[in-house]
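**Student:** So the protein lines, in turn, are chains A and B.
Following our numbering, the numbering of the first sequence begins with 1 at its first residue and continues without gaps.
Following our numbering, the numbering of the second sequence begins with 1001 at its first residue and continues without gaps.
Ideal Cβ positions, reconstructed from N, Cα and C, are used throughout, including at glycine.
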Amino acid sequence: MRNSRELLKSCCGLRFLVAAFLLLLFFSPAAFAAVGCDLNDPDRDVARLFPGSTGYKTFYMSIEKLGGEKLLEKIEKRLGDKFKGLYETPDVPYTIYEIFSGKEKVGYIHGVNHKGQFGGIQVFLALDLNGSIKSFYIQKLTSRYAKGLRDPAFGQKFAGLNLNDFYLYDVVTHKASGKVAEIKNPEPEAETDFRAALRAVKKNLILMDEFVLGNRFDKDTPKESAR
Amino acid sequence: MIGSVEIAYKNLWRKKARSLLTILGIALSGWVLVSLFGFNRGFEAALARDIDNMGFQVLLTAKGCPYEAATMMLKGGTGLRYMQEDAIGSVAGEPEVDKTTPMLMQAVFDPDKGESGGINAYLGVDPKTFPSMKPFLHFQKGGWFTGEDVPEAVMGYEAAELEQREVGDMILIPEKNAEFKVVGILKRTGTQDDGTTFLPLRTVQRLFQKEGQLTALGIKVKPEADPTKLEDKLYALPDVQVVSMAQVKQTIMGLVSTAKVMVLSIAIIAVAIAMVGVINTILMSVLERVQEIGILKTVGAMPRDIFKLIWIETFILCSTGGVLGILFALALSKVTEVLIRGILPYAPSGGLVQIDAVHAGVTLAAIVVIGLLSGLYPAWRAGRVRPLEAIRSEAGR
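Printed below as a string of C-alpha cells:
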C-alpha cells in the first residue's frame, strides 16, 4: 500500500502537482470564461470585424466614471427603458477598442452584455468614426436557435444604421419604424433573444455616443459641447 | 546639559543627505524583509484556506493520472474514465470517514460561445450530502434542488453573473438540448465554487447516460482520525486513485518553501548591503570628526563615551530606518499584494500579505542588532583616537 503511494509520487512527480492545480481548476468552468464584455480573441476578432485595420488600442469607461446616477438616468431616458440586472449597473466597466489603420483612427468596436432567454448574450458592434454600424456580431448566445441570430447575413442587416435609426425602435413595446423595422427575426422561435439583441444594439449605440462620440446623436445636447 | 542622544542626533543631522540616504537604504531592506515575512505567512494561510475550502480532504477519482483526467475534462469531458458508484460504497463505512459525497462532472461543447465555440461544464452533486460538506456555501437567493432527479440548477456567484441568471430563469445545456430552472444562486465564496453550475447528481447521470458512474468522491475525514491511515486503505481499492489534499498541500508548501529560501537569501543580501552602508556612513563620520573627537577627549571624554556616542548614532540610523521600513510595508501591503498577484501564475484567494506585530518586531530587532554590530568597528576606531595626534591631523579639514 505504501508502495503504491511511493509509485504515485515517483511516477507522477511534477505531473501530480500540475494535476493538483488542474483539479482545483477543473471545478471552475467560469475561470476560463470572459467576465465583462471583452472580445475573446481581440487580435483575431478586430481583424475580422474591421478588415484593413492594422492595430487597436483599448480603454475602459463606465457610467459611474463619466457621470454617475445622472448619466444613468439620461441613458435610460434615451433608451426608453430602465437599466436592470447585473451587467447594467453604473459601475460596469465597458471595454472600448479604438481601431487604427496605420496611425489613423478608423473606428471603434464595443460590446455589451445583455440578458437572453437562456443566458447572457454578448453583442458587439464595429462602428465607424461617425457612429454608423459597420458590423454586428453576437459573440455568445446560448439558444437552440443561435445559428440564425449569429449568421453573418443577419448581422449584415445592421450595417449602415446608426442611433438615429434605433431611436425609431421602442425596446419596451418592440414597435419599430424606418430601417430597423426592416430587420426581421430570422428565428421566430427565438423572439426573446432577437428582442434582446435589438435592445443590446440600441444600448450599445447610446453608450458609445456618451463615451466617445460626444453626444452627436443626442437631440437634447447642444452640438457645440460635443467633444 | 546636552545628552549623548542629542549630540548623536545633531552629528547625524550635520550630514543630512548621507544620513537620510542611509536611513532610506535600511528602510528599503526592512520593507523587503517585513513584506517577505508577511507574504510567507499570508500565502501559506491563503493556500491552506483554498485547499480546505474544497470541503473535503481526500478526493477519489477513477484510476489514471489526474493530470490526464483534468485535461480530458478541460477538452470537453469525453473519454474520461469513471468510477462505479457501488464500488466505492464501502468507503463510507471506514472508521476514519466522517462524510462522503459523490460527484459527476460533465462538460459539453457550446458552438455559440465565441468565434469557435467553448466548453460548458456542469457538476452533478448529491443534494443530501454535498451541502453539509461545504458549510461555507450560502445562498444569495433560493436554495438547493427540490429533488434528486429534477431539472434544476444552482449557480455559483460568478457563473450566475456571467450568464446573467436569476432565480426562476432557465438555462440550456446546448448539446443535450435540456432546459434547467435556476433554483438557487450562491453568495460569493472566493473559491472555485463561484464559477460552478451545480445540477442534481441523478439528473446528470441520466442526461449523460452515466447511471451508476461518478467522476469523483469527496471524503471528509473525522477530525480525530489519521488521514494517512485512511489513504492507505483507499490505495488498496481497485481502479480508483486517491488525491489527498494533504499531499497536494504538502507538495505545494514544499515548493513554496524552496522559493521562500531563495527570496529570503535575496532579502538577507539586501540587509547586508544596507549594513555596509551603515558602516560606511558611520566610519566616514568618524574619520571626518577625528579632530573633534580628539578635542572631546582632551576635555575629559573617555574612550567608552566616544564609543557610546558613535553607537548611539548607529542605533538612531538603524531604528529609524527599521521603523520606516515597517511603516512602508504596512502602508504598501496592498500594492505588494497586487504586484505579487500580477507575477504569480497561480495565487490563492484572500489576503496574500499578512503582516503581524511579531514579524515586524523581529525584523526591527534584527535590523537594530545587525546595525549595532556593524557599528562596532567605527565606534571602536573612534574610541581609539589619540587626542594630540587627532588635533594635529589634517583629516578633519
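Determine the direct distance from the alpha carbon of A:Leu-163 to that of A:Gly-148, and round the result to whole angstroms.
**Tutor:** Their backbone Cα atoms lie some 24 Å apart in a straight line.
**Student:** For a contact meaning CB atoms closer than 8 Å, what does A:Ser-143 contact in chain B?
**Tutor:** In chain order: Asp-1112 and Leu-1172.
**Student:** Pull up the distance between the alpha-carbon of B:His-1138 and that of B:Gly-1342, whole angstroms please.
**Tutor:** Taking the straight line joining both Cα atoms gives about 30 Å.
**Student:** Mind pulling the chain B residues with CB within less than 7 Å of A:Gly-120?
**Tutor:** Those within 7 Å of A:Gly-120 in chain B are Leu-1162, Glu-1163 and Gln-1164.
**Student:** Does any residue of chain A bring its CB to less than 8 Å from the CB of B:Asn-1177?
**Tutor:** For B:Asn-1177, the answer is yes, since a Cβ of chain A falls inside 8 Å of its Cβ.
**Student:** Run the CB neighbour count on B:Tyr-1145, radius 10 Å, all protein chains shown included, and call it buried at 16 or more, exposed below.
**Tutor:** It is Phe, not Tyr, that sits at residue 1145 of chain B in the sequence shown. So B:Phe-1145 ends up on the buried side.
**Student:** Ordered along the chain, which non-local residues of its own chain (more than five positions away) have a Cβ less than 6 Å from that of A:Ile-99?
**Tutor:** Closer than 6 Å at Cβ, skipping near neighbours: Phe-50, Ser-53, Tyr-56, Val-106 and Gly-107.
**Student:** Hey, quick one: how far does the alpha helix (DSSP H) through A:Thr-192 stretch, first residue to last?
**Tutor:** From DSSP, the alpha helix (DSSP H) with A:Thr-192 extends over 191 to 211.
**Student:** Which residues, in order along the region 91 to 107 of chain A, keep a beta-carbon less than 8 Å from a beta-carbon of chain B?
**Tutor:** For the region 91 to 107 of chain A, which is checked against every Cβ of chain B, not one residue is closer than 8 Å.
**Student:** Select from B:Asp-1110, B:Lys-1015 and B:Ser-1035 the residue whose C-alpha is nearest the C-alpha of B:Val-1335.
**Tutor:** Answer by Cα proximity: B:Ser-1035.
**Student:** Give a yes or no on whether the minimum CB-CB distance between A:Lys-219 and chain B is below 8 Å.
**Tutor:** With 8 Å as the cut-off, A:Lys-219 does not count as an interface residue toward chain B.
**Student:** Using a threshold of 8 Å, state whether the C-beta atoms of B:Ala-1027 and B:Glu-1313 are closer than that.
**Tutor:** Against a cut-off of 8 Å, the Cβ pair of B:Glu-1313 and B:Ala-1027 comes out as no contact.
**Student:** Thinking C-alpha only, which one of B:Leu-1104, B:Arg-1392, B:Asp-1193 and B:Glu-1085 is nearest B:Pro-1135?
**Tutor:** Of the listed residues, the one whose Cα sits closest to B:Pro-1135 is B:Asp-1193.
**Student:** Would you mind telling me which residues of chain B sit closer than 9 Å to A:Gly-85, beta carbon to beta carbon, in chain order?
**Tutor:** Per Cβ cutoff of 9 Å: Gln-1164 and Glu-1166.
**Student:** For A:Val-123, which three-state DSSP category applies?
**Tutor:** The answer is strand: DSSP assigns A:Val-123 an E or B state.
**Student:** Looking only at its chain, what residues have a beta carbon closer than 6 Å to the beta carbon of B:Leu-1214, apart from the 5 residues adjacent to it on each side?
**Tutor:** Once the five neighbours on either side are set aside, the close Cβ partners of B:Leu-1214 are Met-1083, Glu-1085, Pro-1102 and Leu-1104.
**Student:** Which residues bound the beta strand (DSSP E) around B:Phe-1180?
**Tutor:** Residues 1178 to 1186.
**Student:** Name the residue from B:Ile-1306, B:Lys-1210, B:Gly-1168 and B:Leu-1186 whose alpha carbon lies nearest to the alpha carbon of B:Met-1155.
**Tutor:** It is B:Leu-1186.
**Student:** Quick check on B:Glu-1094 - is its C-beta less than 8 Å from some C-beta in chain A?
**Tutor:** No, B:Glu-1094 does not count as interfacial toward chain A.
**Student:** Answer yes or no: does any C-beta atom of chain B fall closer than 8 Å to that of A:Lys-134?
**Tutor:** Not an interface residue.
**Student:** Please state whether DSSP places B:Leu-1287 in a helix, a strand or coil.
**Tutor:** Residue state, collapsed to three classes: helix.
**Student:** Can you look up B:Met-1302 in the DSSP assignment and give me helix, strand or coil?
**Tutor:** In the structure shown, B:Met-1302 sits in coil (DSSP, three-state: anything other than H, G, I, E or B).
**Student:** Could you check which residue in A:Glu-64, A:Asn-113, A:Leu-161 and A:Ala-126 has the C-alpha nearest to that of A:Ala-197?
**Tutor:** When only C-alpha atoms are compared, the closest one is A:Asn-113.
**Student:** Quick one: residues in its chain with C-beta nearer than 8 Å to the C-beta of A:Leu-66, no 5 flanking neighbours on either side, listed in chain order?
**Tutor:** So the list reads Glu-210 and Phe-211, once near-sequence residues are dropped.
**Student:** Spell out the partners DSSP gives B:Pro-1200 in its beta bridges.
**Tutor:** Answer is B:Val-1125, bridged to B:Pro-1200.
**Student:** Would you say A:Gln-156 faces chain B, with C-beta separation under 8 Å as the test?
**Tutor:** So, not an interface residue.
**Student:** Could you give the DSSP three-state label for B:Pro-1102: helix, strand or coil?
**Tutor:** B:Pro-1102 falls in the strand class under three-state DSSP.
**Student:** Give me the Cα-Cα distance between B:Leu-1123 and B:Phe-1198, rounded to the nearest whole angstrom.
**Tutor:** Near 5 Å, if we compare the C-alpha coordinates of B:Phe-1198 and B:Leu-1123.
**Student:** So who's on the other strand from B:Gly-1156, going by DSSP bridges?
**Tutor:** Answer is none; B:Gly-1156 lacks a bridge partner.
**Student:** For the region 71 to 82 of chain A, which residues have a beta carbon sitting closer than 7 Å to at least one beta carbon of chain B?
**Tutor:** Residues: none.
**Student:** Less than 8 Å between CB atoms is the rule here; does A:Arg-199 satisfy it with respect to chain B?
**Tutor:** Taking Cβ atoms only, chain B never reaches closer than 8 Å to A:Arg-199, which makes this a no.
**Student:** A:Gln-170 to B:Gly-1190, Cα distance in whole Å?
**Tutor:** Gln is not the amino acid found at residue 170 of chain A; the sequence shown has Asp there. Cα to Cα, A:Asp-170 sits roughly 40 Å from B:Gly-1190.
**Student:** With a cut-off of 8 Å, does the C-beta of A:Phe-26 fall near any C-beta of chain B?
**Tutor:** The pLDDT assigned to A:Phe-26 is 43, lower than 50, so where the model puts this residue is not dependable, and the model offers no usable value.
**Student:** Going along chain B, which residues have a C-beta under 7 Å from A:Asn-40?
**Tutor:** Result: Gly-1114 and Glu-1115.
**Student:** Cβ of B:Glu-1175 within 8 Å of Cβ of B:Val-1261?
**Tutor:** It is not a contact, given that the beta carbons lie outside the stated cut-off.
**Student:** Do B:Val-1271 and B:Leu-1033 have their C-beta atoms within less than 8 Å of each other?
**Tutor:** Yes, these two residues count as a Cβ contact at 8 Å.
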